[in-house]
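Have a look at the structure below before the remarks.
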Amino acid sequence: MNKSLPILFVSVLISLAMSTTLLAADSVNDSLSGCKGIDPVFRQLAGSLIEDGFQASEVCLIFSNPAVKFNPRVMPRKIAHREASLHYDVFLEKKRIERARKYLESKRDIFASVEKEYGIPKEVKVAILLVETDLGRYLGSDLALNNLASMAVASDFNKIRAYLPDSYKKLSKRERKRIQRKLEAKSKWAYSELKSLIIYSNLNGLDIHKIKGSIFGAIGLCQFMPSNALKFGVDFNKDGKVDLFDPADAVASMANYLQFYGWKSDLCEKVQIRVIKHYNHSTPYARTVLKVAEKVRQI
Ligand SMILES: [Ca+2]
């Protein structure tokens, strides 16, 4: 969090992000009259943002930009995502460990200063950067805005069924209802994260049309969801903005997050895994982070 911002102001902004008002369709046209170039698929979403307190002119600028595109494949991937099936062993390859060590060397001052302030070992932090973004090599192929907005408008099973894996195409009535409920919950979540993304980019003077994100909208070297960028982001290099694409800010924000969730010195491995799972709720993920950290330490 940008510590220079008044606490009340930030609280109001976070409340704005948390509210999930749904806008009646008949008032969408009124709030967006005069705004040209919004893809009809995003029109109601844009109207809801205005209803929730964002300026109509700002919402118009965001959604009428030609970079904004609906991707119908995002929500089906979210619904079908299975963290446990991901192959994490690739991060233990020698060449990757060597790269992590070199990255640590090249940013020795940043890692040392952050470790001094937050107490999270530098090897654990670089391991998370390696697993999350391959040390910044992979920050997502599309805009976080597009991925979050595409999920926010994909709450209807019929609209995305063509993009679901085959196993989702012959569902019983009960399974279909379950998927529909899941879609509605994920859509609501994505809407809330979209609002946080807009606030995050505004607060920190970042161009939302240039913020790349993972398929599910996580941003920066440390892959924070935008709501976590607001809660845990740190302006460590003191340039007046929390930029999670900047190594100093990203590493400190990650450390701030891990410290909040209970990282202390001398934790046993079991508790370290529990803390890391707050970052990504997967035991194979947490174990891989610790294994990578151990290998980096040994070189
Ligand atoms: Ca900064």
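Start counting the sequence shown at 3; every next residue gets the next number (the working numbering). The beta carbon of each residue, even a glycine, is placed where N, CA and C say it ideally should be. All of these numbers come straight from a predicted model, not from anything done at the bench.
| said: At the level of alpha carbons, what is the spacing between Gly138 and Arg176? | reply: 42 Å
| said: Using a 10 Å radius around the Cβ and a threshold of 16 neighbouring Cβ atoms, would you call Lys80 buried or exposed? | reply: buried
| said: Under 8 Å, Cβ to Cβ, is there at least one residue of chain B near Gly121? | reply: Given the protein chain composition of this structure (a single chain), no chain B is represented.
| query | When DSSP labels each residue in this structure, what does Thr23 get in the three-state scheme? | reply | Residue confidence for Thr23 is low, a pLDDT of 48 falling below 50, so the modelled location carries little weight; the figure read from the coordinates is stated next. Coil.
| query | Is it buried or exposed for Leu24, if we count other Cβ within 10 angstroms and need 16 for buried? | reply | Residue confidence is low: Leu24 scores 49 on pLDDT, short of 50, so the model does not pin down where it sits. No coordinate-derived value is stated.
| said: Give me the residue from Leu292, Glu296, Phe262 and Leu205 with the minimum Cα distance to Ile275. | reply: Leu292
| said: Classify Glu107: buried if its beta carbon has 16 or more other beta carbons within 10 angstroms, exposed otherwise. | reply: exposed
| query | Phe226 bridges to which residues according to DSSP? | reply | Ile221
| Between the CA atoms of Val61 and Gly49 - distance to the nearest angstrom | 8 Å
| query | What does DSSP give as the partner residues of Asp144 in its beta bridges? | reply | Gly215
| Arg139, enclosing alpha helix (DSSP H) - first and last residue | Run containing Arg139: none; DSSP gives neither H nor E here.
| field | CB-CB length for Tyr170 against Ala82, believed under 8 Å | value | 7 Å
| task | Please state whether DSSP places Lys80 in a helix, a strand or coil. | result | helix
| 7 Å CB neighbourhood of Gln157 in its chain, flanking five on each side removed | The question names Gln, but residue 157 is Ser in the sequence shown. Excluding residues within five positions, the ones whose Cβ falls inside 7 Å are Leu185, Glu186 and Ser189.
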